[in-house]
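Enquirer: In terms of our numbering, the sequence shown is residues 15 to 770.
Below is the structure I would like to discuss, written out as structure tokens.
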Amino acid sequence: MFAKLLSLIGIKTGNIRNIRNLAFSSQWGWAGILLASAAFLPFIWFLTKRFEGKPVSPKKQKILMSIRLLWAAGLIFLCSSPGIVVSGYVPKQNKLAVILDVSKSMEIKVDDETRMQRVEKIFKKGLLDKVLKKTGSPAEVFAFSDTVSPISRHEIENFSINASGNYTNLGDAVKNVTSYLGETNMLGAIIITDGANNAGENPLIALRNTRVPLYPIAPGTDGDISDLGIKIPGKPSIGFLNSAMAINGEITARNPNTSEVEITVKKDGQIHDSIKIALNKEGLTTPFAYNLACEEEGLFRYEFSLPVSANELTTENNKTGFMLKVVKERINVLAIAGKPSWDLKFILHALSSDPNTDMTMYIKAGEKWAHSKSFKPQKAIQMPDFAKEIEAADAIILQELSYENLRQFQDALVTKIESGKAGLLLLPSGSTVYHPAYASTPFAKLLPVNLAGSKWHSISGNMKLPPGDPEYSFLKLQADRFKNEALFSSAPKFNGIFEFSEIKPAAQILISSTVRGKNSELPFLLHSRAGMGNVLMFTGGPVWPMGFRTVPISGSLKEYTAFIVNMAKWLANRKEDAQVSIEIPGGKAFISKPAKINVWVMDSANKLLSSAQVHLKITEPEGAETKIVCRETSQTGCYEASFTAVAEGTHKIEASAYHKGAFLGTSTTELYVEMPTAEFENPQIDHELLSKLAEQSGGYFAYDVNFSDIFDKMEVTAATKLETAYTDFTDLWFLFLWMALLPIAEWYLRRTGGLS
Numbered sequence: 015m016f017a018k019l020l021s022l023i024g025i026k027t028g029n030i031r032n033i034r035n036l037a038f039s040s041q042w043g044w045a046g047i048l049l050a051s052a053a054f055l056p057f058i059w060f061l062t063k064r065f066e067g068k069p070v071s072p073k074k075q076k077i078l079m080s081i082r083l084l085w086a087a088g089l090i091f092l093c094s095s096p097g098i099v100v101s102g103y104v105p106k107q108n109k110l111a112v113i114l115d116v117s118k119s120m121e122i123k124v125d126d127e128t129r130m131q132r133v134e135k136i137f138k139k140g141l142l143d144k145v146l147k148k149t150g151s152p153a154e155v156f157a158f159s160d161t162v163s164p165i166s167r168h169e170i171e172n173f174s175i176n177a178s179g180n181y182t183n184l185g186d187a188v189k190n191v192t193s194y195l196g197e198t199n200m201l202g203a204i205i206i207t208d209g210a211n212n213a214g215e216n217p218l219i220a221l222r223n224t225r226v227p228l229y230p231i232a233p234g235t236d237g238d239i240s241d242l243g244i245k246i247p248g249k250p251s252i253g254f255l256n257s258a259m260a261i262n263g264e265i266t267a268r269n270p271n272t273s274e275v276e277i278t279v280k281k282d283g284q285i286h287d288s289i290k291i292a293l294n295k296e297g298l299t300t301p302f303a304y305n306l307a308c309e310e311e312g313l314f315r316y317e318f319s320l321p322v323s324a325n326e327l328t329t330e331n332n333k334t335g336f337m338l339k340v341v342k343e344r345i346n347v348l349a350i351a352g353k354p355s356w357d358l359k360f361i362l363h364a365l366s367s368d369p370n371t372d373m374t375m376y377i378k379a380g381e382k383w384a385h386s387k388s389f390k391p392q393k394a395i396q397m398p399d400f401a402k403e404i405e406a407a408d409a410i411i412l413q414e415l416s417y418e419n420l421r422q423f424q425d426a427l428v429t430k431i432e433s434g435k436a437g438l439l440l441l442p443s444g445s446t447v448y449h450p451a452y453a454s455t456p457f458a459k460l461l462p463v464n465l466a467g468s469k470w471h472s473i474s475g476n477m478k479l480p481p482g483d484p485e486y487s488f489l490k491l492q493a494d495r496f497k498n499e500a501l502f503s504s505a506p507k508f509n510g511i512f513e514f515s516e517i518k519p520a521a522q523i524l525i526s527s528t529v530r531g532k533n534s535e536l537p538f539l540l541h542s543r544a545g546m547g548n549v550l551m552f553t554g555g556p557v558w559p560m561g562f563r564t565v566p567i568s569g570s571l572k573e574y575t576a577f578i579v580n581m582a583k584w585l586a587n588r589k590e591d592a593q594v595s596i597e598i599p600g601g602k603a604f605i606s607k608p609a610k611i612n613v614w615v616m617d618s619a620n621k622l623l624s625s626a627q628v629h630l631k632i633t634e635p636e637g638a639e640t641k642i643v644c645r646e647t648s649q650t651g652c653y654e655a656s657f658t659a660v661a662e663g664t665h666k667i668e669a670s671a672y673h674k675g676a677f678l679g680t681s682t683t684e685l686y687v688e689m690p691t692a693e694f695e696n697p698q699i700d701h702e703l704l705s706k707l708a709e710q711s712g713g714y715f716a717y718d719v720n721f722s723d724i725f726d727k728m729e730v731t732a733a734t735k736l737e738t739a740y741t742d743f744t745d746l747w748f749l750f751l752w753m754a755l756l757p758i759a760e761w762y763l764r765r766t767g768g769l770s
């Protein structure tokens with residue numbers, strides 16, 4: 015009743031019905047209003063009394079003076095920006111969200127019925143009516159795959175919902191919905207999904223702090239799913255003439271109707287070779303290896319495919335491919351160190367396992383430099399010709415060098431890295447590894463950090479991959495994302511790590527650590543660009559200590575060996591000496607997933623050029639063309655664009671660059687676009703994940719046949735929450751009427767009394 019009365023006089027109460035408190039507010043405060051009144055009202059009294067004119071009776075004079083003073087007081091009051099704050103309780107809404115998985119895995123058919131068809135039955139059995147009956151308000155319905163969006167009532171009634179998403183990001187979907195609706199307003203979230211999460215963070219970790227009960231509904235149970243799939247986790251991008259490359263992949267076979275499959279290898283669309291593989295009878299996956307001969311120089315497209323069998327789950331994962339650039343020489347790795355270390359020993363052994371790499375190593379030993387060439391020890395020498403060695407190198411490794419030694423080849427090193435013709439790897443081995451003398455040198459601009467104020471922590475810790483798929487292929491040692499993360503975290507601990515005062519804005523954290531610094535977990539491996547070259551910097555170490563070869567770890571050393579070899583190949587970059595060059599991070603793309611394309615532009619003097627105009631023309635396999643204008647990045651000479659492919663196959667990319675109207679040149683390359691197959695890598699319903707999500711959040715897990723049980727587990731409570739509403743006095747109609755009636759009243763009294 016009181017709230018209605020306040021509303022009648024113009025005071026806003028919003029949804030508040032049970033008023034707890036009324037409070038006056040003003041910018042001046044009560045003291046300011048009283049002081050202003052004490053100064054202004056006597057002035058009004060003196061001014062109007064002295065210049066009254068005709069004689070006025072004392073009674074009428076008091077009435078007129080009171081009117082004037084009241085009006086002046088009202089004016090002072092309004093100038094103080096007054097307002098009134100109403101606080102009270104409102105009923106808390108029991109909103110219930112329904113979040114529907116529309117990724118491709120929901121089209122998996124079991125017993126002649128897809129999971130999405132079972133979802134349709136759930137809605138037809140009155141899911142939304144049960145929500146309305148339970149909460150008193152209609153359900154908020156959302157669809158998600160890799161993104162989340164609301165579903166209209168029309169789509170639900172006609173059930174015109176297609177399961178076409180290429181990825182499933184369950185954690186982000188729930189967080190976005192609860193953030194949009196407000197956790198305090200939600201009774202819970204019903205999630206209809208198979209739990210095949212393959213993007214973003216592990217849902218159990220992402221949702222561990224949610225205050226919203228989750229009610230997962232599994233659309234059916236697992237049946238006999240038949241499927242064949244092929245994948246090559248570490249797809250190569252570069253090969254070497256007159257050598258063979260080992261292509262390692264795996265075949266996934268679920269309930270196969272054969273014990274042997276034939277892999278067809280195509281080169282540029284033509285059948286090149288075929289191999290027969292006996293399937294593993296004891297597991298889902300069968301590894302295979304194929305030696306790919308690099309017999310001619312150029313850029314080639316290779317495709318590995320399996321035959322299509324009857325009643326397969328999908329044929330999208332029956333083939334995979336990659337683009338391979340064959341060049342003449344092997345990769346030359348140059349290592350320069352101030353003293354021996356286990357890191358360099360491990361790298362030496364790792365690179366020697368690959369026939370396409372060559373390594374030259376120099377280690378300071380007293381007054382001389384011990385060295386090896388092509389993995390063979392050589393006689394120690396007094397002073398190497400480092401400038402000549404750097405010119406021939408494709409990847410350069412530095413460790414524990416004093417600036418006195420570094421200064422001898424600093425200029426040649428900086429020029430080589432910035433030209434993009436070599437990459438740089440920096441390794442630590444102790445608390446003095448990054449010398450303070452580096453900080454104000456040309457070499458320092460190559461680094462991803464500011465060396466000033468660095469601090470060494472003698473704390474052991476483990477490597478830790480950031481959540482999500484690694485951006486660069488050399489970080490992907492296992493095809494399964496969670497196994498890959500476990501492989502890095504299970505490596506032996508490092509002895510210490512640096513904390514830097516500043517990580518440069520353009521730097522990337524590729525590997526984090528379990529050691530916490532001042533504000534967050536300290537990075538362990540950083541990446542930055544120096545001109546057109548890549549720089550990798552380990553901040554802790556030893557990275558591969560002596561114990562690496564003796565301490566039992568999950569997996570084997572071959573994964574870490576591949577990590578070193580692939581890192582060296584990635585650092586080598588192999589850019590052509592041209593004014594315009596195209597770079598595609600990762601070297602591959604998937605349909606409906608944006609691919610980043612970088613274009614590097616140089617002038618005739620081979621210096622990186624800013625303020626150029628760069629255009630891309632992308633031709634699809636069917637001939638359709640897409641034109642994109644690249645935008646300039648913070649890195650000098652680098653221009654980037656994002657391209658989302660809609661067709662599978664080889665896309666031709668042509669980049670053209672102009673500067674001040676002058677044509678600089680063009681560059682062409684090819685990009686192989688694949689159909690994403692993440693949705694079919696784990697086609698089974700993840701009952702364990704869904705059950706744990708429900709238990710962790712205080713919800714309940716059910717199957718579609720008994721989905722009504724979740725409503726029996728929900729507890730609807732008549733809760734309230736405190737809200738406030740503010741009203742500015744200048745918006746009140748009665749105050750406006752007050753300020754208008756006072757001058758009118760004075761005018762009337764003076765008019766009827768014969769006064770001016």
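Beta carbons: idealized from backbone N, C-alpha and C, even for Gly.
1. Which value, in whole angstroms, describes the spacing of the CA atoms of residue 426 and residue 405?
2. Hey, how far is the Cα of residue 174 from the Cα of residue 206?
3. Put residue 247 into one of helix, strand or coil per three-state DSSP.
4. Return the CA-CA distance between residue 527 and residue 326, expressed in angstroms with no decimal places.
5. If you draw a straight line from the C-alpha of residue 76 to the C-alpha of residue 32, how long is it?
6. Would you check if the distance between the CB atom of residue 481 and the CB atom of residue 214 is smaller than 8 Å?
7. Between which residues of its own chain and residue 298 is the CB-CB distance below 6 Å, once the five residues before and five after are set aside?
8. Taking the DSSP output, what are the residues bridged to residue 287?
9. Can you tell which of 40, 49, 73 and 78 has the C-alpha that lies nearest to the C-alpha of residue 756?
10. Between 239, 392, 160 and 456, which lies nearest to residue 690 when the distance is taken from Cα to Cα?
11. Alpha carbon to alpha carbon, how far is residue 241 from residue 156?
12. Anyone know if the C-beta pair for residue 250 and residue 336 falls short of 8 Å?
13. Under 8 Å by Cβ, that's how I've got residue 262 and residue 303 pegged, so tell me the actual separation to the nearest angstrom.
14. Leaving out the 5 sequence neighbours to the left and right, which residues in its chain are closer than 7 Å to residue 681 when beta-carbon positions are compared?
15. Tell me whether residue 751 counts as near the ligand NAP, meaning its Cβ is closer than 7 Å to at least one heavy atom of that ligand.
16. Quick check: what's the CA-CA separation for residue 376 versus residue 349?
17. Going by the beta-carbon positions, is the gap between residue 201 and residue 272 smaller than 8 Å?
18. Need the endpoints of the beta strand (DSSP E) that residue 185 sits in, please.
19. Would you kindly work out how many angstroms separate the C-alpha atoms of residue 226 and residue 184, rounded to a whole number?
20. Return the chain-ordered list of same chain residues with a C-beta closer than 6 Å to the C-beta of residue 50, the five sequence neighbours on each side being excluded.
21. Grouping DSSP H, G and I as helix and E and B as strand, with all else coil, what is residue 42?
22. By DSSP, does residue 652 sit in helix, in strand, or in coil?
23. Could you tell me which residues DSSP puts in a beta bridge with residue 717?
24. Which same chain residues, not among the five before or five after residue 379, have their C-beta less than 7 Å away from its C-beta?
25. Tell whether a beta-carbon distance below 8 Å holds between residue 217 and residue 703.
26. Could you tell me which residues DSSP puts in a beta bridge with residue 629?
27. Can you give me the C-alpha to C-alpha distance between residue 197 and residue 228, rounded to a whole angstrom?
28. Measuring CB to CB, does residue 609 end up less than 8 Å from residue 659?
29. Out of curiosity, what's the CA-to-CA distance linking residue 515 and residue 465?
30. What is the rounded straight-line gap between the Cα of residue 40 and the Cα of residue 86?
31. Considering residue 202, what are the terminal residues of the beta strand (DSSP E) in which it resides?
32. Name the two residues that bound the continuous beta strand (DSSP E) containing residue 764.
33. When you compare only the Cα positions, how much space is there between residue 584 and residue 688?
34. Since residue 97 and residue 740 should fall inside the 8 Å C-beta cutoff, what is the C-beta to C-beta distance between them, to a whole number of angstroms?
35. Over what stretch of residues does the alpha helix (DSSP H) that includes residue 144 continue unbroken?
36. In three-state terms, what does DSSP make of residue 709?
Expert: Once the coordinates are examined:
1. 8 Å
2. 16 Å
3. coil
4. 42 Å
5. 44 Å
6. yes
7. 266
8. 279
9. 78
10. 160
11. 30 Å
12. yes
13. 5 Å
14. Excluding sequence positions up to five before and after residue 681, its CB lies within less than 7 Å of the CB of 592, 594, 595, 596 and 669, all in the same chain and listed in chain order.
15. Ligands in the displayed structure: none, and consequently the ligand NAP is not present.
16. 6 Å
17. No, they are not a contact pair.
18. Where residue 185 is concerned, there is no enclosing beta strand (DSSP E), although the alpha helix (DSSP H) it sits in stretches over 184 to 195.
19. 15 Å
20. 90
21. coil
22. DSSP places residue 652 in strand when its eight states are reduced to three.
23. Answer is 232.
24. For residue 379, where only same-chain residues beyond five positions count, the Cβ hits under 7 Å are 394.
25. yes
26. 643 and 670
27. Near 12 Å, if we compare the C-alpha coordinates of residue 228 and residue 197.
28. yes
29. Cα to Cα, the separation comes out at about 7 Å.
30. So the two alpha carbons sit approximately 17 Å from each other.
31. 200 to 206
32. It is not in any beta strand (DSSP E) - residue 764 instead sits in the alpha helix (DSSP H) that spans 747 to 766.
33. 22 Å
34. 6 Å
35. Note, residue 144: alpha helix (DSSP H), 141 to 149.
36. helix
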